[in-house]
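Undergrad: Can you keep this structure in mind? I'll have questions shortly.
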Amino acid sequence: MAVEKMSIAKALNESLRKALEQDPKVLIMGEDVGKLGGVFRITDGLQKDFGEERVIDTPLAESGIVGTAIGLALRGYRPVVEIQFDGFVFPAYDQIVTQLAKMHARALGKVKMPVVVRIPYAGGIGAVEHHSESPEALFAHVPGLKVVSPSNASDAYWMLQQAILSDDPVIFFEPKRRYWDKGEVDTDAIPGELHKARVAREGSDITLAAYGPMVKVCLEAAAAAAEEGKSVEVVDLRSMSPIDFDGLQVSVEKTRRLVVVHEAPVFLGTGAEIAARITERCFYHLEAPVLRVGGFHAPYPPARLEDEYLPGLDRVLDAVDRSLAY
Amino acid sequence: MTVESTAARKPRRSSGTKRAAGAASAAKAPAAKAAATAQNAEPQLVQLLTPEGERVSAADNPDAAEFLSFVEDITTEDLRGLYRDMVLTRRFDGEATALQRQGELGLWASLLGQEAAQIGSGRALRDDDYVFPTYREHGVAWCRGVDPTNLLGMFRGVNHGGWDPNTNNFHLYTIVIGSQTLHATGYAMGVAKDGADSAVIAYFGDGASSQGDVAEAFTFSAVYNSPVVFFCQNNQWAISEPTERQMRVPLYQRAQGFGFPGVRVDGNDVLACLAVTRWALARARAGEGPTLVEAFTYRMGAHTTSDDPTKYRRDEETQAWEAKDPILRLKTYLLASGGADEAFFESLEAESEALGKRVREVVRAMPDPDTMAIFENVYADGHALVDEERAQFAAYLASFEEGH
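These protein sequence lines map, in sequence, to chains U and G.
FYI, the numbering for the first sequence is 1 to 326, going by UniProt numbering.
FYI, the numbering for the second sequence is 1 to 404, going by UniProt numbering.
In structure tokens form, the structure reads like this:
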């Protein structure tokens with residue numbers, strides 16, 4: 001029996017363990033990932049079992065972490081680096097955008113960049129500044145990068161391994177407020193494609209599209225709407241680059257309405273791209289404009305205000321009502 | 001890999017003291033020189049061939065003696081080879097500058113004046129060593145066996161590099177200043193993990209030493225004791241910014257703060273550059289970690305063909321450096337010592353002509369890339385959006401061909 005109930009954090013840990021076991025070229029690198037096991041314990045116990053040569057505590061220097069990972073990848077290794085928190089990725093942004101994303105193209109395909117950048121991201125844990133941000137659109141905008149985010153334990157387990165197996169650089173956003181949510185993981189399953197969307201709940205009146213931490217909110221909204229007789233379909237996008245527009249289109253052509261939900265600021269965010277593309281693809285099917293629910297064009301607020309800032313059940317349901325009113 | 005204590009790897013050249021007693025050292029560690037106290041002071045340099053073309057003997061200079069041991073095997077024929085490398089590199093560089101002026105290249109970053117630093121360090125390398133250059137290492141590329149015309153693609157605008165770095169262990173040119181020092185460090189970490197005894201060399205300039213990435217590369221290489229040589233060509237100018245705008249102490253002394261040795265070498269002395277780089281590479285191979293080599297040299301031309309050095313520096317300065325020309329001093333020595341005759345120089349001139357002609361022909365014949373190359377190699381594993389946009393653009397282009 002390979003089906004086990006575990007938290008997202010545990011699933012990520014097991015996934016890294018399996019990757020380290022299966023390929024001696026896989027390395028874990030980051031601040032505090034060794035003895036401490038990471039500030040969220042995602043790498044707990046890995047250094048003990050695989051040694052300091054495979055699970056590497058690094059100096060406190062994000063550009064250095066990503067820059068040396070690029071060099072290790074050029075040498076044939078498959079580094080999985082941890083950026084401690086979302087807001088700390090920016091010192092490494094230069095290396096990610098100008099080097100990691102472009103190396104394959106600059107070498108006319110002669111070198112590959114199998115580097116995974118794991119980033120615990122988004123809000124909801126009462127943290128201080130720079131610990132709650134959702135910068136996924138900044139990475140999805142960059143050609144050469146792939147960007148994904150799991151919303152449940154099974155995806156956490158499988159998507160991380162698929163990201164490590166990929167010869168492209170993958171920015172792997174982990175929804176930190178869901179780390180302790182449990183779900184079933186079938187470690188013998190044949191996983192779905194890394195960049196395919198998944199229908200998390202079937203419905204017929206409207207589609208909610210989300211990823212990472214907002215999938216759970218959307219599922220709760222769908223359950224609440226069902227009590228009012230509304231049938232809400234929830235699509236877990238799973239990947240922000242590429243986005244599975246084909247999968248989303250199938251859902252929208254069925255329900256004829258779409259609301260995109262994410263924590264990141266709405267302006268020029270992932271939802272904007274989805275609204276534009278789905279409008280192009282589904283113009284004659286849509287009964288209402290694509291609506292977006294997300295963060296404001298303001299710095300992520302102090303923790304005491306984050307419940308107001310983050311899209312919750314009510315804001316999602318309000319958008320559902322507005323869409324259905326057209 | 002264990003991290004040696006700083007004491008065990010006490011910096012030699014930058015500390016102003018003799019090397020730590022008992023320090024394990026496979027490569028002979030040269031004795032220290034008195035450090036220059038200010039950036040503008042006449043610098044103390046490791047020099048084996050004077051600007052007047054005279055060899056420095058062990059008797060003349062005890063410090064140089066320790067480096068001389070690293071070029072004991074260099075024959076007169078080897079010296080002619082180094083001379084040939086410098087001459088052909090200068091010719092290639094001059095040809096590229098001319099091609100830019102003729103509109104064949106969009107930009108060129110000339111190495112004029114830096115031939116000795118590049119050929120000396122480049123010829124110190126073994127085939128299995130790995131090079132991480134900036135965008136000016138045409139002489140190092142030459143030493144690696146990279147066809148020089150390959151270097152011109154990015155300057156002509158037909159690619160962003162385009163060669164396979166693993167063919168000659170010569171990485172792509174990197175334009176973002178200092179980024180490649182981290183790639184070199186990571187690569188060197190991998191070399192150490194593999195248990196290989198090869199070394200890695202990262203090239204950068206004096207301006208790059210102000211970049212955070214270079215400081216982080218020093219930090220990572222020091223704490224992981226990585227087999228990497230940081231070869232800084234201090235050519236005195238970062239576009240229009242003089243070294244005074246980058247640092248207050250001599251550059252090579254920075255290594256001391258990171259816990260590894262730094263040494264300043266006469267960057268216009270090909271023999272000294274060869275010796276010092278060999279010494280640093282030997283340290284790397286022996287597991288003694290990183291070294292910073294500061295090659296004190298001068299960029300005789302512009303930063304690139306886009307700037308005008310007359311706006312920011314004095315003629316007298318350039319003229320003073322002309323007297324230290326790396327090629328001229330070796331020619332003087334070869335002639336005076338009977339190491340080469342006129343027939344050698346004439347034959348080399350003919351070879352230079354042929355190289356120049358070939359470079360011109362290849363560049364002018366270099367085709368523009370296929371339009372659809374825009375979509376190639378963006379991802380190794382493919383990407384739905386790229387596929388979609390490729391198909392759309394192909395259909396758009398086809399619509400003209402069909403006469404719609």
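Positions of the beta carbon are idealized from the N, C-alpha and C atoms, including for glycine.
#1: Please state whether the Cβ-Cβ distance between residue 26(U) and residue 59(U) is less than 9 angstroms.
#2: When you compare only the Cα positions, how much space is there between residue 348(G) and residue 97(G)?
#3: Contact check, residue 267(G) vs residue 236(G) under 8 angstroms by CB: the rounded distance?
#4: What does a CB cutoff of less than 7 angstroms around residue 256(U) pick up in its chain, not counting 5 residues either side in sequence?
#5: Whole angstroms is fine: what's the gap from residue 110(G)'s alpha carbon to residue 136(G)'s?
#6: Identify the contact partners of residue 247(G) in chain U, using a Cβ-Cβ distance below 8 angstroms as the criterion.
#7: Considering only their Cβ atoms, is the gap separating residue 77(U) from residue 157(G) smaller than 9 angstroms?
#8: Could you tell me which uninterrupted alpha helix (DSSP H) segments, each at least 4 residues in length, are contained entirely in the segment 169-246 of chain U, listed from first to last along the chain?
#9: If you reduce the DSSP assignment to three classes, tell me which class residue 214(G) lands in.
#10: Answer yes or no: do residue 274(G) and residue 87(G) have a C-beta to C-beta separation smaller than 9 angstroms?
#11: Just mark residue 297(U) as buried or exposed, buried being the case when its beta carbon has 16 or more other beta carbons within 10 Å.
#12: Given residue 43(U), which residues of its chain have a CB within under 8 angstroms of its CB, disregarding the five upstream and five downstream residues?
#13: Do you know how far the Cα of residue 171(U) is from the Cα of residue 139(U)?
#14: Using the three-state DSSP reduction, which class does residue 286(G) fall into: helix, strand or coil?
#15: Going along the chain, which residues of its own chain have a beta-carbon closer than 6 angstroms to the beta-carbon of residue 260(U), five neighbours each way excluded?
#16: Thinking C-alpha only, which one of 53(G), 170(G), 342(G) is nearest residue 187(G)?
#17: Find the nearest neighbour of residue 314(U) within the set 219(U), 3(U), 239(U), judged by alpha-carbon distance.
#18: Classify residue 31(G) as helix, strand or coil using the three-state DSSP reduction.
#19: Could you check the C-alpha separation between residue 252(G) and residue 260(G) for me, to the nearest Å?
#20: Between residue 151(U) and residue 217(U), how many whole angstroms is the CB-CB distance? I'm expecting something under 8 angstroms.
#21: Alpha helix (DSSP H) containing residue 260(G): first to last residue?
#22: So, is residue 75(G) buried or exposed, given that buried needs 16 or more other C-beta atoms within 10 angstroms?
#23: Out of curiosity, what's the CA-to-CA distance linking residue 45(G) and residue 148(G)?
#24: From what residue to what residue does the beta strand (DSSP E) around residue 315(U) run?
#25: Mind checking which residues open and close the beta strand (DSSP E) that includes residue 57(U)?
#26: Output the boundary residues of the alpha helix (DSSP H) element that contains residue 63(U).
#27: Use the C-beta contact count for residue 400(G): other C-beta atoms within 10 angstroms, 16 or more gives buried, fewer gives exposed.
#28: For chain G, find out if any of its Cβ atoms is closer than 9 angstroms to the Cβ of residue 141(U); answer yes or no.
#29: So which residues of chain G does residue 10(U) contact, with C-beta pairs closer than 7 angstroms?
#30: Is the beta carbon of residue 324(G) sitting closer than 9 angstroms to the one on residue 51(G)?
#31: Just how far apart, CA to CA, sit residue 98(U) and residue 375(G)?
#32: Would you mind telling me which residues of chain G sit closer than 7 angstroms to residue 77(U), beta carbon to beta carbon, in chain order?
#33: Compute the Euclidean distance between the alpha carbons of residue 156(U) and residue 161(G), then round it to the nearest angstrom.
#34: Across which residues does DSSP place residue 6(U) in a beta bridge pair?
#35: Below 6 angstroms CB to CB, which residues in the same chain sit around residue 251(U) once its five sequence neighbours on both sides are set aside?
#36: From the DSSP output, in three-state form, read off residue 247(G) for me.
TA: Judging by the given coordinates:
#1: Looking up residue 26(U) in the first sequence gives position 26. Looking up residue 59(U) in the first sequence gives position 59. No, they are not a contact pair.
#2: Taking the first residue of the second sequence as position 1, residue 348(G) is located at position 348. Taking the first residue of the second sequence as position 1, residue 97(G) is located at position 97. For the pair residue 348(G) and residue 97(G), the Cα-to-Cα distance works out to about 20 angstroms.
#3: For the purposes of this step, residue 267(G) is identified with residue 267 of the second sequence, where counting begins at 1. For the purposes of this step, residue 236(G) is identified with residue 236 of the second sequence, where counting begins at 1. Their Cβ separation, rounded to whole angstroms, is 10 angstroms, which puts residue 267(G) and residue 236(G) out of contact at 8 angstroms.
#4: For this step, residue 256(U) is matched to residue 256 along the first sequence. 285, 286, 287, listed in sequence order.
#5: Within the second sequence, residue 110(G) is the residue found at index 110, counting from 1. Within the second sequence, residue 136(G) is the residue found at index 136, counting from 1. Approximately 7 angstroms, taken between the alpha carbons.
#6: For the purposes of this step, residue 247(G) is identified with residue 247 of the second sequence, where counting begins at 1. Those do not exist, as residue 247(G) stays about 20 angstroms from chain U at its closest Cβ, beyond 8 angstroms.
#7: Reading the second sequence from its first residue, position 157 is the one you call residue 157(G). Reading the first sequence from its first residue, position 77 is the one you call residue 77(U). Not in contact: residue 157(G) and residue 77(U) (Cβ atoms no closer than 9 angstroms).
#8: 214-227
#9: Reading the second sequence from its first residue, position 214 is the one you call residue 214(G). Residue state, collapsed to three classes: helix.
#10: By one-based count along the second sequence, residue 274(G) stands at place 274. By one-based count along the second sequence, residue 87(G) stands at place 87. At the C-beta level, residue 274(G) and residue 87(G) stay beyond 9 angstroms of one another.
#11: One-based indexing of the first sequence puts residue 297(U) at position 297. Classification for residue 297(U): exposed.
#12: On the first sequence, position 43 is the one that residue 43(U) refers to. Once the five neighbours on either side are set aside, the close Cβ partners of residue 43(U) are 13, 16, 28, 30, 33, 34, 37, 55, 82.
#13: Your numbering for residue 139(U) matches position 139 in the first sequence. Your numbering for residue 171(U) matches position 171 in the first sequence. Whole-angstrom Cα-Cα distance: 8 angstroms.
#14: Along the second sequence, one-based indexing puts residue 286(G) at 286. Coil.
#15: The residue given as residue 260(U) occupies position 260 in the first sequence. Same-chain partners within the cutoff: 209, 271, 274, 292.
#16: The count along the second sequence starts at 1 and reaches residue 187(G) at position 187. Closest option to residue 187(G), Cα to Cα, is 170(G).
#17: Residue 314(U) sits at position 314 when you count from the first residue of the first sequence. Residue 219(U) is the option with its Cα nearest to residue 314(U).
#18: Counting from one through the second sequence, the residue named residue 31(G) turns up at place 31. Per-residue confidence for residue 31(G) stands at a pLDDT of 41, beneath the threshold of 50, marking its modelled position as unreliable; the derived number appears in the next sentence. Reduced to three states, the DSSP call for residue 31(G) is coil.
#19: Your numbering for residue 252(G) matches position 252 in the second sequence. Your numbering for residue 260(G) matches position 260 in the second sequence. If you take the alpha carbons of residue 252(G) and residue 260(G), they lie about 10 angstroms apart.
#20: Taking the first sequence and counting its residues from 1, the one referred to as residue 151(U) is at position 151. Taking the first sequence and counting its residues from 1, the one referred to as residue 217(U) is at position 217. So it is not a contact: roughly 10 angstroms between Cβ atoms.
#21: On the second sequence, position 260 is the one that residue 260(G) refers to. Element bounds for residue 260(G): n/a, residue is neither H nor E.
#22: Your numbering for residue 75(G) matches position 75 in the second sequence. It is exposed - the Cβ of residue 75(G) has fewer than 16 other Cβ atoms within 10 Å.
#23: Here the question's residue 45(G) lines up with position 45 in the second sequence. Here the question's residue 148(G) lines up with position 148 in the second sequence. Each residue's alpha carbon lies about 31 angstroms from the other.
#24: As a position in the first sequence, residue 315(U) is number 315, starting the count at 1. In the DSSP assignment, residue 315(U) falls outside any beta strand (DSSP E) and lies within the alpha helix (DSSP H) extending over 313-324.
#25: Position 57 of the first sequence holds residue 57(U). Element bounds for residue 57(U): 55-57.
#26: For the purposes of this step, residue 63(U) is taken as residue 63 along the first sequence, with counting starting at 1. Its alpha helix (DSSP H) spans residues 62-74.
#27: Here residue 400(G) corresponds to residue number 400 of the second sequence, with the count starting at 1. Classification for residue 400(G): exposed.
#28: Reading the first sequence from its first residue, position 141 is the one you call residue 141(U). Chain G contact via Cβ: absent.
#29: The sequence position of residue 10(U) within the first sequence is 10, counting from 1. Chain G residues near residue 10(U): none, gap ~28 angstroms exceeds 7 angstroms.
#30: Residue mapping note: residue 324(G) aligns to position 324 of the second sequence, counting from 1. Residue mapping note: residue 51(G) aligns to position 51 of the second sequence, counting from 1. Yes.
#31: Along the first sequence, one-based indexing puts residue 98(U) at 98. Along the second sequence, one-based indexing puts residue 375(G) at 375. Cα to Cα, residue 98(U) sits roughly 18 angstroms from residue 375(G).
#32: Sequence index remark: in the first sequence, residue 77(U) carries index 77 (1-based). The contacting residues are 190.
#33: The residue you call residue 156(U) lines up with position 156 of the first sequence. The residue you call residue 161(G) lines up with position 161 of the second sequence. Cα-Cα distance, rounded: 37 angstroms.
#34: Walking along the first sequence from the start, residue 6(U) turns up at place 6. According to DSSP, which records beta bridges pairwise, residue 6(U) is partnered with 183(U).
#35: If you number the first sequence from 1, residue 251(U) lands on position 251. Only 207, 233, 235 meet the Cβ criterion.
#36: Position 247 of the second sequence, counting from 1, holds the residue named residue 247(G). Residue state, collapsed to three classes: coil.
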